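Novice:
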Amino acid sequence: MTRRILIVLHQERSSPGRVGQALVRRGCELDIRRPSLGDPLPVSMESHDAAIIFGGPMSANDDLPFIKAETEWIGVPLREEKPYLGICLGAQLMARHLGACVYGREDDRVEVGYYPIRPTEEGQHLFDNPQYVYQWHGQGFDLPSGAVQLAEGDEFPVQAMRYGPRAYGIQFHPELTTPMMDAWLTFASHRLSQPGAQPAELHRKGRAEHDATLRAWLARFLDHWLP
């Protein structure tokens, strides 16, 4: 039977990228919704086998109707114990739903480029040590009560978490394809001048060095998350 995956995006031209491609190869059907553009979220997961909320330029702390709606809605897959994955903003919304804080660093440093993360003891089965991942964020989140930290970083301590048996949040972007990276570097180039951000040439160098490993990680993770 075809598995139906709810995909939540935040901009008109946003794409699930490599994550979406990998799910389609696994025979999944993608139900793409953009609450920021008025699309509704389902009242239950009865018609979906899993859900992924992707990133976006907005903050989980923004006083926006769709941010509030998504934050509250995350309780649906959590209560029903359906697989949930939050990527960047999606992880931060999950943290807020669970009562944790989302915050920027006091020194305004960001992670924009490739940075190493390290598995915790609980995350050693999912992550290499160290593992370089692609980041594009200026805020992080505290570990919610009851969640298990799976990976840590230097600038933002919580890089991956699990809540309950099937809900995961990751701060980094495994979905990024080369065209997506080129678009981000072009249309959001102002982020490259922020404290801690890497210049564009290091993004491309990092992709040449680390993307094969990150692509292999995504395949392993999806096998684990959605067997």
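Its first residue numbered 748, the sequence shown is counted upward by one per residue in our numbering. For glycine and all other residues, C-beta sits at the position ideal for the given N, C-alpha and C. From a predicted model like this one, the values you see are computed outputs, not experimental measurements.
Kindly indicate the opening and closing residues of the alpha helix (DSSP H) around L777.
Specialist: No alpha helix (DSSP H) contains L777, which is instead part of the beta strand (DSSP E) from 776-780.
Novice: Excluding sequence positions up to five away, which residues of its chain have a Cβ less than 6 angstroms from the Cβ of Q945?
Specialist: G860
Novice: For V905, tell me which candidate among G916, P912, G911 has the shortest Cα-Cα distance.
Specialist: G916
Novice: Can you list the beta strand (DSSP E) stretches of 3 or more residues lying completely in the stretch 882-909, in chain order?
Specialist: 886-888, 895-899
Novice: Out of V849, G885, V857, L890, which one is the CA nearest neighbour of T867?
Specialist: L890
Novice: Can the beta-carbon of R954 be found closer than 8 angstroms to that of M927?
Specialist: no
Novice: Could you pull out every residue in the same chain whose Cβ sits closer than 6 angstroms to the Cβ of V766, ignoring the five residues on either side in sequence?
Specialist: For V766, where only same-chain residues beyond five positions count, the Cβ hits under 6 angstroms are E922.
Novice: Given a cut-off of 8 angstroms on the beta-carbon distance, is the pair Y831 and R750 in contact?
Specialist: no
Novice: Over the uninterrupted alpha helix (DSSP H) stretch that includes A963, give me the two end residues.
Specialist: 947-972
Novice: Give the secondary structure of R750 by DSSP, where H, G and I count as helix, E and B as strand, and everything else as coil.
Specialist: coil
Novice: Where DSSP assigns a beta bridge to A930, which residues make up the other side?
Specialist: According to DSSP, A930 bridges with nothing at all.
Novice: In the structure shown, what three-state DSSP assignment does A914 receive?
Specialist: Three-state DSSP puts A914 in a strand.
Novice: Taking buried to mean at least 16 other C-beta atoms within 10 Å of its own C-beta, is F934 buried or exposed?
Specialist: exposed
Novice: Mapping DSSP to helix, strand and coil, what is I814?
Specialist: helix
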